[in-house]
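If you count the sequence shown from 1, position 53 lands on 61 in our numbering, and the numbers rise without skipping. Worksheet: the structure to be examined is printed underneath.
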Amino acid sequence: MKSLTLWFAAAICFVASAFAIEPAPTKWTVDGVEREALVVLPSTSSKSKAPVIFAFHGHGGNMHFAARGMAFQNFWPEAIVVYPQGLPTPGIVMDFEGKKPGWQREPGQLNDRDLKFVDAILATLREKYSIDDKRVYATGFSNGGLFTYLLLSQRPNLFAAFAPGGSALMRSVPLTEPRPVFHYGGKKDQLARFSRQQETIEQIRKFNGCTAQGEPCGSNCTIYRSAKGAPVATFIHPFGHVYPPPVTPMIVKFFQENPR
């Protein structure tokens with residue numbers, strides 16, 4: 009517990025300096041609405057096609073905070089990392105009027121505005137850059153995790169693997185195809201109840217044909233191998249509803265090990 013707490017504090021200090029100069033937002037128009045995202049291009053040159061990571065902030069968050077707090081660009085410099093910006097969205101346990109930015113949680117909600125946004129971003133990336141369609145990934149925390157689970161349900165063929173955290177699969181969101189999933193969460197989470205997160209992990213583990221017995225994959229990390237090529241890994245920390253910076257390199261490693 010002490011070592012994890014020290015690791016957590018050190019990681020926060022490290023990712024706080026993710027950018028010397030923050031990249032400028034890229035804009036799209038989707039169904040007549042202007043959308044934007046931070047697109048971090050690879051900092052390391054490579055002859056290979058670039059992998060892509062979509063990283064979604066939580067309800068009330070923003071793309072700038074996500075880019076600094078998640079900092080995937082620090083751990084996979086060859087990747088294109090996209091931090092989309094959400095729009096005002098009604099919350100589940102707060103902000104019922106929808107004044108703060110977030111993401112749709114269910115199919116058809118808000119006219120599928122955010123699913124369409126992801127489609128538009130991918131189309132642009134394919135036009136402008138040489139991306140590897142077999143290595144496109146999605147991750148998100150809290151409401152961003154709910155949207156990541158929605159992408160798992162509604163866009164399984166666009167992504168190679170998913171890493172939702174601080175969230176649970178909505179009961180109205182069906183699992184459609186087995187895909188590798190890395191779920192991270194805190195035992196003291198009072199917003200996304202940990203018991204519901206455990207139910208989600210178990211549901212996906214069974215759907216993906218994973219073993220009942222997991223194997224260690226690092227500190228607080230367990231992986232369940234899959235007969236369908238869709239392993240499920242978990243990172244369970246002792247804190248509450250927070251994004252744990254130590255999980256970022258673990259997610260990157262999981263993504264790197266699971267191309268489509």
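Note that the Cβ used here is the ideal one computed from N, Cα and C, for glycine as well.
Mind listing, in chain order, the continuous beta strand (DSSP E) runs of no fewer than 3 residues lying wholly within the region 207-256?
223-226, 229-232 and 240-245
Closest by CA to residue 97, which one among 87, 109 and 91?
Counted from its first residue, the sequence shown places residue 97 at position 89. Comparing Cα-Cα distances from residue 97 to each of 87, 109 and 91, the minimum goes to 109.
Can you confirm whether the region 47-58 touches the region 236-243 when touching is taken to mean that 3 or more C-beta pairs between the two stretches lie within less than 8 Å?
no
If you run the structure through DSSP and keep just helix, strand and coil, what is residue 260?
For the purposes of this step, residue 260 is taken as residue 252 along the sequence shown, with counting starting at 1. If DSSP states are grouped into helix, strand and coil, residue 260 belongs with the helices.
Beta strand (DSSP E) containing residue 125: first to last residue?
Within the sequence shown, residue 125 is the residue found at index 117, counting from 1. Here residue 125 belongs to no beta strand (DSSP E); instead the alpha helix (DSSP H) covers 121-136.
Just reading off the beta strand (DSSP E) that residue 46 is part of, what are its end residues?
Stepping through the sequence shown from its first residue, residue 46 is reached at position 38. Segment 41-48, the beta strand (DSSP E) holding residue 46.
So, with DSSP's three-state summary, where would you put residue 69?
Residue numbering aside, residue 69 sits at position 61 when the sequence shown is read from its first letter. Residue state, collapsed to three classes: coil.
Going by beta carbon distance, what residues of the same chain come within less than 6 Å of residue 223, once the five residues before and after it are set aside?
Mapped onto the sequence shown, residue 223 falls at position 215. Within its own chain, the residues whose Cβ lies closer than 6 Å to the Cβ of residue 223, once the five positions on either side in sequence are excluded, are 231, listed in chain order.
How long is the line joining the alpha carbons of residue 25 and residue 165, rounded to whole angstroms?
As a first step, residue 25 must be located in the sequence shown, where it is residue number 17. As a first step, residue 165 must be located in the sequence shown, where it is residue number 157. With a pLDDT of 48 at residue 25, under the threshold of 50, the modelled position of that residue is not reliable, and the figure given next carries that caveat. Cα to Cα, residue 25 sits roughly 34 Å from residue 165.
Alpha carbon to alpha carbon, how far is residue 100 from residue 255? Give it in angstroms, no decimals.
Locating residue 255 in the sequence shown gives position 247, counting from the first residue. Locating residue 100 in the sequence shown gives position 92, counting from the first residue. Going by the C-alpha atoms only, they are around 25 Å apart.
What's the gap between the Cα of residue 89 and the Cα of residue 49?
Counting from one through the sequence shown, the residue named residue 89 turns up at place 81. Counting from one through the sequence shown, the residue named residue 49 turns up at place 41. For residue 89 and residue 49, the distance between alpha carbons rounds to 7 Å.
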